[in-house]
Amino acid sequence: LEIHWMLRDGAVNYLLTHTSVLRAIAFYSPWRIEQQLYKLDVGWPKHPEYFTGQTFCVAIDPFHDLVYVAQRGANVPKVLVFSDEGYFLHAWNSTLEMPHGIFAVSTPTNTSIWITDVGTGEYGHTVKQYSPSGKLIQVLGTQGKAGTGLNPLQFDQPAEIFVEQTGEIYIVDGDGGMNNRLFKLSTDFKEIWLRGENGSGVGQFKIPHSVTVDSVGRVWVADRGNKRIQVFDKVTGEWLGSWSSCFVEDGPSSVRLTANEEYLIVAQLNINRVTVLAAPPIGSIGDCHVVNTIQLADEVKPHLVDVNVKTGAIYVAEIGAQQVQKYVPLT
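In this text, residue positions in the sequence shown follow the working numbering: the first is 26, and each later residue adds one.
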């Protein structure tokens, strides 16, 4: 208030000779207020009553305008399917114990829904491929048995999966289990390369929790326990760099790219925040830069996110609030 009073009275000379006051004005100046890039779509979904469990993850099928939500809980359907407008369509509950991550790979002629299952019962420690109606197509890993093996593949609480249009697969295996690693698999589910082990050094992980791939061949991994994002070359698996300065308060639990790949969308579960980071240019990872933040209410706990590459909308699965919220671009 004192600063505004001095400005109204035109005390320019005083301000110019008192750097502490200038810093205060710079800090409180409205020109430094963060410009919001997204707004909450308060009308999505039309039927929130169908969220009856903990909503751990969400996947978008932009070709068919569908939203898949996986939830946990006793006697609840594990997968809910909504239209992009928010209307509930149907649910399925096949061979899933504790879904953690979900991904929709879709073309005009074919769609698959991939889900990681971190349960410790008869269906857990696996990555499963389903049809859009919930028919089980493929199981990777040994159901009900944790392991580190590569032939056949074994997982211990695999956190998330990303599938390219080519069919090549990236899996982060290690939601608190014995494994802390990143896989790249071929279309016939053979290992192309494997990176990582437990630790905080270059290329090591502590709870690798989310993975995404950009159009210039970089693989982005939310290394949650180490409070950083690590980046790898998608062809060779070579380590390209890491970001940590933006995650001092809390590690990233999710990472996705916006439709135009201008930004990365990162969820930070323990501080109830969705952070928008500037994507680096080709050939340089550099350090991270926060462009925008969406501060959620206490105990909302945003876990994993997905982005509609057609509309640019962000969908946030919130395990604390037991809901999925949709944020739409303002421009």
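Built from N, CA and C at the ideal position, the CB exists for glycine as well.
- Query: Over what stretch of residues does the beta strand (DSSP E) that includes residue 156 continue unbroken?
  - Reply: By one-based count along the sequence shown, residue 156 stands at place 131. From DSSP, residue 156 is part of no beta strand (DSSP E); its letter is neither H nor E.
- Query: The beta strand (DSSP E) spanning residue 105 covers which residue range?
  - Reply: Position 80 of the sequence shown, counted from the start, is the residue given in the question as residue 105. That run of the beta strand (DSSP E) goes 104 to 108.
- Message: If contact is defined by three or more beta carbon pairs under 8 Å, each pair taking one atom from either stretch, is the segment 183 to 192 in contact with the segment 155 to 162?
- Response: no
- Task: Would you mind reading off the limits of the beta strand (DSSP E) that contains residue 115?
- Result: Against the sequence shown, residue 115 aligns to sequence position 90. Segment 113 to 117, the beta strand (DSSP E) holding residue 115.
- Item | Where residue 155 falls, given that 16 or more other Cβ within 10 Å makes a residue buried | Taking the sequence shown and counting its residues from 1, one reaches residue 155 at position 130. Its Cβ being crowded by 16 or more others within 10 Å, residue 155 is buried.
- Assign residue 152 to buried or exposed, taking buried as 16 or more other Cβ atoms, counted over all protein chains shown, within 10 Å of its Cβ. Walking along the sequence shown from the start, residue 152 turns up at place 127. So residue 152 counts as buried.
- Message: Alpha carbons only, please: which of 209, 192, 130, 191 is nearest the one belonging to residue 198?
- Response: Reading the sequence shown from its first residue, position 173 is the one you call residue 198. Residue 209 is the option with its Cα nearest to residue 198.
- Item | Rounded separation between residue 286 and residue 348 - CA only | Indexing the sequence shown from 1 puts residue 286 at position 261. Indexing the sequence shown from 1 puts residue 348 at position 323. Going by the C-alpha atoms only, they are around 26 Å apart.
- Query: Would a C-beta distance cut-off of 8 Å place residue 89 and residue 136 closer than the cut-off?
  - Reply: What you label residue 89 is simply residue 64 of the sequence shown in a count that begins at 1. What you label residue 136 is simply residue 111 of the sequence shown in a count that begins at 1. Yes; because the gap between Cβ atoms is below 8 Å, this pair is in contact.
- For residue 383, which residues of its own chain have a beta-carbon under 6 Å away from its beta-carbon, when the five flanking residues on both sides are left out? Outside the shown range of the chain, which is 26 to 356, sits residue 383, and nothing can be said about it.
- Query: Where does residue 292 land, buried or exposed, given buried means 16+ other C-beta within 10 angstroms?
  - Reply: The sequence position of residue 292 within the sequence shown is 267, counting from 1. So residue 292 ends up on the buried side.
- Message: Which of the three DSSP states is assigned to residue 122 in this structure?
- Response: Taking the sequence shown and counting its residues from 1, the one referred to as residue 122 is at position 97. Coil at residue 122, not helix or strand.
- Could you give the C-beta distance for residue 297 and residue 321, rounded to a whole number, given that I count them as a contact under 8 Å? Position 272 of the sequence shown, counted from the start, is the residue given in the question as residue 297. Position 296 of the sequence shown, counted from the start, is the residue given in the question as residue 321. Indeed, because the Cβ distance is near 4 Å, the residues count as touching under 8 Å.
- Where do the ends of the beta strand (DSSP E) carrying residue 137 lie? Here residue 137 corresponds to residue number 112 of the sequence shown, with the count starting at 1. Residue 137 -> beta strand (DSSP E) spans 136 to 142.
- Query: Quick one: is residue 53 buried, meaning 16 or more other Cβ sit within 10 Å of its Cβ, or exposed?
  - Reply: Counted from its first residue, the sequence shown places residue 53 at position 28. The predicted position of residue 53 is uncertain, since its pLDDT is 33 and thus under 50; no value can be drawn from it.
- Expressed to the nearest angstrom, what Euclidean distance is found between the alpha-carbon atoms of residue 139 and residue 82? Numbered from 1 along the sequence shown, position 114 holds the residue referred to as residue 139. Numbered from 1 along the sequence shown, position 57 holds the residue referred to as residue 82. Their backbone Cα atoms lie some 11 Å apart in a straight line.
- First through last residue of the beta strand (DSSP E) which encompasses residue 198: Here residue 198 corresponds to residue number 173 of the sequence shown, with the count starting at 1. Where residue 198 is concerned, the enclosing beta strand (DSSP E) stretches over 194 to 198.
- Query: How long is the line joining the alpha carbons of residue 68 and residue 255, rounded to whole angstroms?
  - Reply: Position 43 of the sequence shown, counted from the start, is the residue given in the question as residue 68. Position 230 of the sequence shown, counted from the start, is the residue given in the question as residue 255. Taking the straight line from one Cα to the other gives about 36 Å.
- Tell me, which residues are paired with residue 258 by DSSP? Counted from its first residue, the sequence shown places residue 258 at position 233. In DSSP, residue 258 forms a bridge with 243.
- Query: When you compare only the Cα positions, how much space is there between residue 80 and residue 338?
  - Reply: Taking the sequence shown and counting its residues from 1, one reaches residue 80 at position 55. Taking the sequence shown and counting its residues from 1, one reaches residue 338 at position 313. In a straight line, the C-alpha of residue 80 is about 18 Å away from that of residue 338.
- Could you tell me the boundaries of the beta strand (DSSP E) in which residue 351 lies? Here residue 351 corresponds to residue number 326 of the sequence shown, with the count starting at 1. Segment 348 to 354, the beta strand (DSSP E) holding residue 351.
- Cα-Cα separation between residue 227 and residue 264, rounded to whole angstroms: The residue you call residue 227 lines up with position 202 of the sequence shown. The residue you call residue 264 lines up with position 239 of the sequence shown. Those two C-alpha atoms are separated by around 8 Å.
- residue 279 to residue 231 span [Cα, whole Å]: One-based indexing of the sequence shown puts residue 279 at position 254. One-based indexing of the sequence shown puts residue 231 at position 206. Taking the straight line joining both Cα atoms gives about 14 Å.
- Task: Might you give, ordered along the chain, the residues of its own chain that have their beta carbon closer than 7 Å to the beta carbon of residue 222, omitting 5 neighbours on each side?
- Result: Here residue 222 corresponds to residue number 197 of the sequence shown, with the count starting at 1. Correct list, in chain order: 205, 206, 229.
- Could you tell me which residues DSSP puts in a beta bridge with residue 232? For the purposes of this step, residue 232 is taken as residue 207 along the sequence shown, with counting starting at 1. Beta-bridge pairing links residue 232 to no other residue.
- Message: Considering just the uninterrupted stretch of the beta strand (DSSP E) at residue 267, what are its terminal residues?
- Response: Here residue 267 is taken as the residue at index 242 of the sequence shown, counted from 1. Looking at the DSSP string, the run of the beta strand (DSSP E) that includes residue 267 is 264 to 268.
- Task: Kindly indicate which residue of 190, 290, 85, 267 has the alpha-carbon position closest to the one of residue 225.
- Result: Numbered from 1 along the sequence shown, position 200 holds the residue referred to as residue 225. Considering only alpha carbons, the answer is 267.
- Could you check how far apart the C-beta atoms of residue 64 and residue 355 are, in whole angstroms? I think they sit under 8 Å. Against the sequence shown, residue 64 aligns to sequence position 39. Against the sequence shown, residue 355 aligns to sequence position 330. Right, the Cβ-Cβ distance comes to about 6 Å (below 8 Å), so this counts as a contact.
- Query: Cβ of residue 180 less than 8 Å from any chain B Cβ?
  - Reply: Among the protein chains of the structure shown there is no chain B, as only one such chain exists.
- Message: Are the CB atoms of residue 175 and residue 239 within a distance shorter than 8 Å?
- Response: Indexing the sequence shown from 1 puts residue 239 at position 214. Indexing the sequence shown from 1 puts residue 175 at position 150. Contact flag unset, no.
- Relative to the C-alpha of residue 314, which residue among 302, 307, 274 is closest? Counting from one through the sequence shown, the residue named residue 314 turns up at place 289. Minimum Cα distance to residue 314 is reached at 302.
- May I ask which residues mark the beginning and end of the beta strand (DSSP E) holding residue 317? Here residue 317 refers to the residue found at position 292 of the sequence shown. Per DSSP, residue 317 belongs to the beta strand (DSSP E) from 315 to 320.
- Query: Roughly how many whole angstroms lie between the Cα atoms of residue 118 and residue 340?
  - Reply: Position 93 of the sequence shown holds residue 118. Position 315 of the sequence shown holds residue 340. If I take the Cα positions, the gap works out to 22 Å.
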